[in-house]
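Peer 1: A single structure is presented below for examination.
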Amino acid sequence: MEVWIGRDGERHGPYQEADIRDWLRTGQVSPDDLAWHEGMRDWQSLRSLFPADVPATASVPSPPPPTADTPATGSPAAIDLAGFWHRFAAWLLDNIVLVVPNLMVFYSMHADRAMQTWIALIKSQGSFAGAVADPASNAVMSQLQAVSAVCIIIGFIYYTAMEGSRWQATLGKLAVGLKVTDLKGQRLSWRRAAVRNAVRLLNMVGGLSLLPLVCYVPVAWTRLHQGLHDMLASALVVCGRASAEASVEPAADRDPDL
């Protein structure tokens with residue numbers, strides 16, 4: 001069971017129940033700290049949740065949460081979740097970054113000529129529908145779809161490679177001070193990073209181009225500011241930069257479910 005701890009108006013976690021019980025027994029957390037887990041209607045004190053693990057001595061004051069300069073070693077640490085607009089700013093910057101490789105693909109695959117041919121078809125047929133019905137449009141549309149697919153794949157590789165790297169962030173996220181982590185605040189494995197960004201590939205499937213938007217919008221209201229793609233990969237987007245500890249390659253057995 002994963003448990004969140006509330007202290008000084010901030011939410012910390014989630015942590016494993018066994019760890020919290022151990023911290024209670026050793027005095028690393030106070031029995032009076034509030035806690036919450038899935039299924040609870042409201043926050044309760046650790047004393048109420050785990051009475052058997054509360055020491056017989058008086059309540060031990062909680063140590064302050066570790067700062068960025070003194071990372072935690074097994075004790076609770078704050079997670080500053082990134083909000084919708086903070087993430088939106090990073091998304092805009094990443095789209096600017098991707099303009100350069102996308103333009104290179106656009107011109108190297110002669111998409112500019114295909115666009116000129118498409119415009120000429122519309123003018124000659126007098127309407128968009130007429131241009132679509134023209135057999136000559138098939139080759140043009142196939143070429144433009146191929147260019148679009150290559151650009152989408154480039155974006156997928158860019159996001160997956162950067163978020164699975166020791167930086168844990170794309171250039172846009174780095175610029176606004178964000179990083180991607182798992183639910184314990186650790187670096188994502190490559191597989192989790194790929195799963196998280198696989199939604200981008202849906203743009204290549206006809207009729208599903210709006211699905212990625214549906215995945216991103218829940219960031220605005222979900223408790224952990226997660227989109228559907230974050231939930232699928234058990235990932236969080238948080239404020240901060242990757243630490244030296246987080247830059248270590250994740251162990252292979254970190255993702256038994258993926």
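Take the sequence shown: its position 80, counted from the start at 1, is 80 in the UniProt record's numbering, and no numbers get skipped. C-beta: ideal position from N, C-alpha, C; glycine also. Nothing here was measured: the structure is a model prediction, and the numbers come from that model.
1) Extract the residue ranges of the alpha helix (DSSP H) inside the stretch 162-187, only unbroken runs of 4 or more that lie entirely within it.
2) Please go through the same chain and pick out, in chain order, the residues whose beta-carbon is closer than 8 Å to the beta-carbon of ILE5, but skip the five residues on each side of it.
3) Is it the case that the stretch 99-110 contacts the stretch 150-163, given that we only count it when at least three CB pairs across the two stretches are under 8 Å?
4) Could you give the distance in angstroms between the alpha-carbon of CYS239 and the alpha-carbon of ALA82?
5) Rounded to the nearest angstrom, what separates GLY130 and MET115 at their Cα positions?
6) Using CA atoms only, rank isn't needed, just tell me which of ASP230, ARG223, VAL54 and THR170 is closest to GLU93.
7) CA-CA distance, VAL217 and ALA235?
8) Can you give the Cα-Cα distance for GLN145 and MET109, rounded to whole angstroms?
9) Can you tell which of VAL195, GLN186, LEU213 and HIS229 has its C-alpha closest to the C-alpha of ALA242?
10) Taking all protein chains shown into account, do 16 or more other C-beta atoms lie within 10 angstroms of the C-beta of GLU163, making it buried, or fewer, making it exposed?
Peer 2: Straight from the coordinates:
1) 171-176
2) ARG11, HIS12, GLY13, TYR15, ILE20, VAL29, ASP33, LEU34, ALA35, LEU46 and PRO76
3) yes
4) 6 Å
5) 16 Å
6) Note on identity: in this sequence residue 93 is Leu, with Glu being the wrong assignment. Measuring from the Cα of LEU93, the nearest candidate turns out to be THR170.
7) 16 Å
8) 11 Å
9) GLN186
10) buried
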